[in-house]
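Take a look at the structure below.
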Amino acid sequence: MKFIGQNHIVTEIAEYIPQILQGTNLNLLFRGQSGYGKTTLAFNILNTILQYSPQTGYSYSLPNKDGFVEINENNRIQIVDECHLIPHPEFLYPYMDSGRFFFIFCSNEAGELKEPLVNRCIAFNFINYTQEELCSIIDEFFTKNSIKLPETHLQLIYRNCNGVPRIAKNISQRLLMIIMNKGIPDETELLRIINEVFQLQDGLDYRHRTYINFLQHAKVASLDLISYATKLDKATILREIEPVLIYKDLISISSRGRKWK
């Protein structure tokens, strides 16, 4: 089972694999920030099982607009993504309790999960990736595409991924397209590409900078005021902008509002 990072999870689950291959079924729950590789790890586990037991049936499901997931009872392995979007998961409990299915649930909204669902699972919390792990993820991406980047280039991409593997891979994919046309840029040109072409400055795009520019002047402001003043919708602020600014220790949030540090 090859996976970079989250060693505390990968090491423990690797110990489970022999028993799983012998028929033991579990309910696993992966909780962590969006883009941290929860679904990727779920499929890595699936592929490991299929390597030794190719006849094993499996399903991948997302909740529909009504928050319902259809379970294919012919498939032993059930991967349920975005499980926090299931408002009434009671219909899942008989399947989870039956011992007939191996469930892997993934969620980036742990607070939205019902306690009875969580209590039926072995819960794993994804932690922050180290600089070394993220650089290894970036290096692995380019190596798979027969490209070897200098360490300085890996560091530049790392500086702009905000600690998130999915963003690191997204930047790498965009850069790969340029490299395939023009070759590997030098360090100065790579920085220009990231800043001017990708419009990223140390991982901050125009939405982050719009938010920052307002809050620097306002010093303290409510979510409603920031949304009104910047024309950024509140969902985008909560899910995509503020997590990055908190990660970079640029803002704090209290009962008084959002404060520029």
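If you count by my numbering, then the sequence shown holds residues 42 to 302, one letter each, in order. For glycine and all other residues, C-beta sits at the position ideal for the given N, C-alpha and C.
Let me confirm a value: residue i is counted as buried when at least 16 other C-beta atoms fall within 10 Å, else exposed. Which label applies?
i	result
residue 132	exposed
residue 276	exposed
residue 130	buried
residue 271	buried
residue 64	exposed
residue 274	exposed
residue 252	buried
residue 287	exposed
residue 261	exposed
residue 218	exposed
residue 105	exposed
Measure the beta-carbon distance from residue i to residue j and round it to whole angstroms, keeping in mind my assumption that it falls under 8 Å.
i	j	result
residue 71	residue 167	7 Å
residue 66	residue 161	No, residue 66 and residue 161 are not in contact; Cβ-Cβ is about 12 Å, not under 8 Å.
residue 121	residue 203	Not a contact, Cβ separation roughly 27 Å.
residue 99	residue 116	5 Å
residue 103	residue 123	6 Å
residue 174	residue 45	6 Å
Under three-state DSSP, which class holds residue i?
i	result
residue 260	coil
residue 124	helix
residue 85	helix
residue 141	coil
residue 43	coil
residue 78	coil
residue 269	helix
residue 213	helix
residue 190	coil
residue 94	coil
residue 63	coil
residue 176	helix
residue 182	helix
residue 297	coil
Give every residue of the same chain whose Cβ lies closer than 8 Å to the Cβ of residue i, excluding the five residues on either side of it in the sequence, and list them in chain order.
i	result
residue 263	298, 299
residue 163	67, 68, 69, 70
Quick one: what's got a C-beta closer than 7 Å to residue i's C-beta in the same chain, skipping five residues either side?
i	result
residue 159	70
residue 220	188
residue 268	274, 275, 278
Counting contacts by CB-CB distance shorter than 8 Å, is residue i in contact with chain B?
i	result
residue 141	Within the model displayed, chain B is absent; a lone protein chain is all it includes.
Go through its chain and collect everything with a Cβ distance to residue i's Cβ below 6 Å, but skip five positions before and after it.
i	result
residue 165	50, 71
Hey, is residue i close to the ligand NAD, as in C-beta under 7 Å from one of its heavy atoms?
i	result
residue 225	The ligand NAD is absent from the structure shown, which contains no ligands of any kind.
Evaluate the contact criterion for the region 226-233 versus the region 242-249: three or more CB pairs, one atom per stretch, below 8 Å. no
Report yes or no: do the region 84-100 and the region 181-198 share at least 3 C-beta pairs separated by less than 8 Å? no
Per the contact definition of three or more C-beta pairs closer than 8 Å, is the region 201-221 in contact with the region 71-83? yes
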